[in-house]
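Below: one structure, written as structure tokens.
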Amino acid sequence: MKPPTHTIGNRQNRVDARGKTTGATRFVTDIQVDNMLHAAPVYSSIPHGLLFGLDFTPAESDPDFVAFFSASDIPGENQVGVIIEDQPLMADKIVRYIGDSVGILVAKTAESAQRLAQLVELKINVLDPVFSINESRDATENFLHETNLACQHQVKRGDLKTAFNEADHIIEATFETPFQEHYYLEPQGCIAQPSATGGIYILGSIQCPFYVQKAVSKALKLPFAKIKVEQAPTGGAFGGKEDIPSEVCTRAALAAHRLNQPVKMIYGRVDDAQLTSKRHPFQMHYKVGVSKAGKILAADIKLEENAGAYATLSSVVSYRSAMQAMGPYVIPNISVESRSYYTNLPPTGAFRGFGSPQAAFGHERMMDIIAAELNIDPVELRLQNVLKVDTETQTGHRLSASVGAEETLRTAAAAANWTAQEVSENPRFKTGYGVSLIHYGNCLGAAGWFMDGSGAKIKVHRDGSISVAFGLIEMGQGALTVVNQMTAEALGVDPARITVLPTDTDQVPDSGPSVASRNVVMTGNAIRDAARQLLRILKEAAAELMQCDLNEIKIENDTVLNTRNAETLPFEELASYLYLSNRPMDVLGWWHVPELDYDALKGIGEAYFTYSYATHIAKVQVDTLTGQVRIDKIWASHDVGRAINPAGLEAQIEGGTAQGIGWALTENFKLELGKVLTDNLTTYLLPTALDVGEIESIIVEDPEPEGPWGAKGIGEPAIIPTAAAIVNAVSNALGKAVNKIPVIPEDILKALNEKSTGMNEDSTDYAACLKSNRKPGQPQYNREKPWPPPNDC
Amino acid sequence: MKYYLPESLAAYLQLRHKLAGKDVVLLAGGTDLMPRYERGTPLPDHLVDLKQLSQLSSISVSDNHIEIGALTSIQDLHDHAIIQDEFRALYQAAHEFAGTQIRHRGTIGGNICNASPAGDLLPALYAFGTTLEVTGRAGSRTLPLSDFILGPGKTALRDGELLTSLRLPRDHFESQFIKVGLRRSMAISVINLALVYRRLKISFTELQIAAGAVAPTIVMLDIFTKAYLMDPARLSDHIHLIEEAISPIDDIRATANYRRTVLKNLIADFLKNS
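Chains Z and H supply the protein sequences, listed in that same order. With the first letter of the first sequence counted as 1, position 461 gets the number 461 in our numbering; the numbers rise by one all the way through. With the first letter of the second sequence counted as 1, position 193 gets the number 986 in our numbering; the numbers rise by one all the way through.
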């Protein structure tokens, strides 16, 4: 059977499915190395304090004890902050959260390491901790770092004052979103071992191998060239393995380097929950001016984020949430201020969406509140304001192509039968529909442009097999499969020829992090670049062999074709000739994001080079007896430019949506005085298949000219609209604004019982009522006729 | 820690005699013990694994009773035809119990001896009037389940004894199990309850309600059901009797107030609408 001419757009089975299904895949925890020692982190159990001593003598007498290392053992810089240098690799003077690492204990077995780590005594003078955004912002002394403000970004565009004066309605609301735990199934872990070069070789569960290389170099004072970082098969990451592995691997590397022996460190689940980063909780205030007809004229938005003890990637989260704060709408006058504050909680950092799901909750709840206020259908209101080609984003970025926002909205509304919504026949349940529309800036954006380049290396072997190395990684999202497909497509060969290699820092130049939904765009374009170069070499060789002109050679259907006489040559023969004619067999392809015109001070310009768009519509049932929310169905329509592997794409959409459902409803992350209470799967409730309900994926393809085959990113857009869609649906079912997640049964019952007053004390639409002259006490929506909501203000 | 694997009930009793007064923990399915040890609970001095006592994992049916071995898995309980036909609430509880792996490993005896206030099988077992057989070196004794469970994690089991079987009368009641968790499967109950009843047309002639996760042990709502059966038309006047019978607490899953409200809502709804 002939291989298909094209692989792009085919539903492809994952190339790593067999190993992961049968259990043959070896994760880092499964891998044993000769003479390997085991390490466990030693960390503070006090949220804030001055560290004046460490005593490991109680552990030392144990026969399994090998060594204890702390800050004073670090030969290089004691610094692991990824953007802002505020985080010691091992705390030596101040501990800033429960989980702040002060050392690493090495023992003969993993169990002993865990046990002995508990025996190390930390001498701490306790300082007052700060846990909330408000406490941190308002503090006048005892700052966590030089100040409590970790970072800030803003957008200032147009003339806010005039626009608010001209607005028919000014509507305000406050929103709150919580922590979220990544809960990758495989906890953090790595093996660090001394290498033949006199440096270090690290194998780990890692999202960004180049970050790890840099961190190890800095702490161990070793040249990058002597540090090889290889990604082991990784059991999920969701952003949680972006910067955290830099800490984990560097501490293990320090031990391995000092002991000259391999050291494995795997976090237990409880440690992983307490020590590693989470999604930033946001509190948001929106003030939006609209015309009577529903045109958005102005928005004044304040976003505040709980950064935890260290900045980690707060700066990126703050940037992205500011750039996208009012969503995919035309909005000529806008002010956004986004600020992250330090607290004595586990650091918050990278998490699928990078502040976008939080901002989306703000702007999409706001759109529904406006729609209710103006008595306009929420889909209609969005259609009136949505971005199109030749309009400008909130940062003033004029869009020239690939703006599928409107089509996602129309396709989702049509699929959900939005204009003829079903109502529960059982009076126990209240049915609600909610819509949410988002955009997502692809890749790192203007703030990260300097590192937004990636590589791929394609090598043809003399037997005709092909290997591809790329600088980004597979973490469960399906990268290996699309890299295989894109390489096959670019070269015109059978995907079965191609082996995609595990990512390793020795193979490809620093390609930046595997984040920001940038894998397909970056790696796809790098593959196309490599394929262009390689095809030239292949065609030259083929022309020589087939005695024709280079331009007459075509490689397609896995065959070399001389178009002059239709003569063909198996690809293997060309590969063999390539070798025999002493030609280079491999090439490096590279692509970087086009330069962006952006004014960082005002936050105006091309914040990102292109955007993905998505609409989710949720249909929910609210149980009036228990306050539980059941998801009947979510329609998820995504503009991805071009679907490379529709099967993988749908899986991404379903996974992201499920994670969004968890954030909105079941994953009620709880802390007490800085200690994580929900530190296992019994108390931190991920949604099960029963909770997720049905998801209908709709793929919209509005090609991006700069994307490989037109493709844009999908990893993060999948989660961003979900929570807002669900809460809009719940609000519609209740006839009452819910402006805070997670939506828990207790709060729903309370809202149902408060119905007679029509006001939810927890929700802040009281302010909105006052501003828009609605009488407090009047319900926002009519409970008898929840849809469309009447204008009763 | 020392590990033992007795091969018969006799060997078990012999072993326990030898270990009299010692720190002994019994291992059945292990679905509660293993996570507890994983989380750092100190291991006992002696761990006795019961998995070889296969004579305790069968279900036998007579005209008037069904007798369930204490080591019967939740899955076997779930799959049994008589349980499905005549003890619907128990079947439903087994059906909603945790997940597939745990249903296959976990045992009915383990769920009872663990004596969790939220144990999912317990309300149905209480409401069906279960009695237990407990075996020690001196022989066997029987006692009602409600006398066996004394508090969270606390039972009337004496040193050296073993819960060997359960006996449920075949009274051919209708029944219903209701569980409220924070997600739709694999969740510890915030509330669970079993209603066991007989009806003449639409009115209830007999009614037992057992509620879980609302007190240190399962609560039989006898005062409420009695008042309700005497005067079903005045349901709303009796509802406060539910609240008076229970003593829920705030925990990581829900507040006491939520538990009170939802329990009342669910019972009232059931009596009005089923």
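Beta carbons are placed, not taken as given, at the ideal position from N, Cα and C, and that holds for glycine.
Show which residues of chain H have a CB atom less than 9 Å away from the CB atom of residue i.
i      : result
Z:P745 : V973, L975, V983, A1047, Y1051, V1055
Z:K459 : Near Z:K459 there are no residues of chain H at all, since even the closest Cβ is about 44 Å away, more than 9 Å.
Z:R428 : D1062, N1066
Z:T683 : I981, I1045, R1046
Z:L677 : I1045
CA-CA distance, residue i and residue j?
i       : j       : result
H:M1013 : H:L986  : 10 Å
Z:P378  : Z:F164  : 22 Å
Z:S277  : Z:F351  : 9 Å
Z:P178  : Z:R382  : 26 Å
Z:N739  : Z:R630  : 18 Å
Z:L574  : Z:V521  : 30 Å
Z:R536  : Z:N35   : 48 Å
Z:E572  : Z:L254  : 46 Å
H:L936  : Z:A59   : 50 Å
Z:D762  : Z:L149  : Residue confidence for Z:D762 is low, a pLDDT of 40 falling below 50, so the modelled location carries little weight; the figure read from the coordinates is stated next. Each residue's Cα considered, the two are about 27 Å apart.
Z:T764  : Z:G434  : In this prediction, Z:T764 scores a pLDDT of 39, lower than 50, which makes its location untrustworthy; the coordinate-derived value is nonetheless stated afterwards. Whole-angstrom Cα-Cα distance: 20 Å.
H:P799  : H:D842  : 7 Å
H:A1068 : H:L938  : Past the edges of chain H, shown from 794 to 1067, lies residue 1068 of chain H, and the structure says nothing about it.
H:D952  : H:A1004 : 29 Å
Z:I296  : Z:I331  : 6 Å
Z:S195  : Z:V216  : 14 Å
Z:E680  : Z:R269  : Checking the displayed sequence, the identity of residue 680 of chain Z turns out to be Asn instead of Glu. So the two alpha carbons sit approximately 7 Å from each other.
Z:F470  : Z:A542  : 27 Å
Between the options, which has its C-alpha nearest residue i's C-alpha?
i       : options                          : result
Z:W591  : Z:A566, Z:D623, Z:D529, Z:I191   : Z:D529
Z:K799  : Z:V423, Z:V508, Z:G355, Z:K161   : The structure shown does not extend to residue 799 of chain Z, since chain Z is modelled only from 1 to 793, so the question has no answer here.
Z:R11   : Z:N484, Z:H182, Z:V620           : Z:N484
Z:Q358  : Z:K264, Z:P742, Z:N753           : Z:P742
Z:E650  : Z:K226, Z:R14, Z:H6              : Z:R14
H:P916  : H:F880, H:H965, H:K795, H:T1054  : H:F880
Z:E373  : Z:A307, Z:G289, Z:L303, Z:A413   : Z:G289
Z:Y341  : Z:R365, Z:V622, Z:F143           : Z:F143
Z:I644  : Z:K675, Z:D86, Z:E489            : Z:E489
Z:M366  : Z:E172, Z:D390, Z:A416           : Z:E172
Z:E425  : Z:H439, Z:V622, Z:D390, Z:D494   : Z:V622
Z:G204  : Z:N375, Z:T29, Z:L550            : Z:T29
Z:N125  : Z:G656, Z:I202, Z:P47, Z:N260    : Z:P47
H:Q885  : H:G902, H:E926, H:L918, H:G903   : H:L918
Z:T626  : Z:L297, Z:K218, Z:P745, Z:D243   : Z:P745
Z:S804  : Z:E654, Z:A139, Z:T666, Z:Q421   : Residue 804 of chain Z cannot be examined here, being either before or after the span of chain Z that is shown, 1 to 793.
Z:P245  : Z:N260, Z:A256, Z:Y267, Z:P262   : Z:Y267
Z:I438  : Z:K633, Z:A723, Z:P347, Z:E135   : Z:A723
H:S801  : H:L849, H:K815, H:M827           : H:L849
Z:N582  : Z:E540, Z:A412, Z:T615, Z:K619   : Z:E540
Z:E166  : Z:D639, Z:A298, Z:I458           : Z:A298
Z:S465  : Z:K287, Z:D586, Z:V82            : Z:D586
Z:L480  : Z:H169, Z:P233, Z:T22            : Z:P233
H:I1060 : H:V989, H:T834, H:P1009, H:I1045 : H:V989
Z:D168  : Z:T197, Z:G294, Z:A219, Z:V102   : Z:G294
Can you pull the chain Z neighbours of residue i, defined as C-beta to C-beta under 8 Å?
i       : result
H:L1059 : L625, T626
Residues of chain Z with a CB under 9 Å from the CB of residue i: which are they?
i      : result
H:S978 : T688, A689, L690, D691
What in chain H is Cβ-close to residue i, meaning under 8 Å?
i      : result
Z:L673 : In chain order: nothing, as chain H lies at least about 15 Å away.
Z:L749 : Y1051, T1054, V1055
At a cut-off of 7 Å, is residue i close to the ligand ATP when judged by its beta-carbon and the heavy atoms of the ligand?
i      : result
Z:N442 : For the structure depicted, the ligand ATP is absent and the ligand set is empty, with no information on it obtainable.
Taking a Cβ distance cut-off of 7 Å, strictly less, list which residues of the stretch 657 to 670 of chain Z are near chain H, in chain order.
From the stretch 657 to 670 of chain Z, only T666, K670 have a Cβ closer than 7 Å to chain H.
Below 8 Å, how does it come out for the stretch 52 to 59 of chain Z and the stretch 671 to 690 of chain Z: are there three or more Cβ pairs, yes or no?
Not touching, per the Cβ criterion.
What residues from the stretch 686 to 709 of chain Z come within 9 Å of chain H, judged by C-beta to C-beta, listed N to C?
Shown in chain order are the members of the stretch 686 to 709 of chain Z whose Cβ falls below 9 Å from a Cβ of chain H: L686, P687, T688, A689, L690, D691.
Does the count of Cβ pairs from the stretch 702 to 709 of chain Z and the stretch 608 to 617 of chain Z closer than 8 Å reach three?
Yes, the stretch 702 to 709 of chain Z is in contact with the stretch 608 to 617 of chain Z.
Does the stretch 36 to 43 of chain Z come within contact of the stretch 105 to 115 of chain Z, defined as at least 3 CB pairs closer than 8 Å?
Yes, the stretch 36 to 43 of chain Z is in contact with the stretch 105 to 115 of chain Z.
Closer than 8 Å is the cut-off here; do at least three beta carbon pairs connect the stretch 155 to 164 of chain Z with the stretch 593 to 605 of chain Z?
In short, these stretches touch, since the Cβ pair count reaches three.
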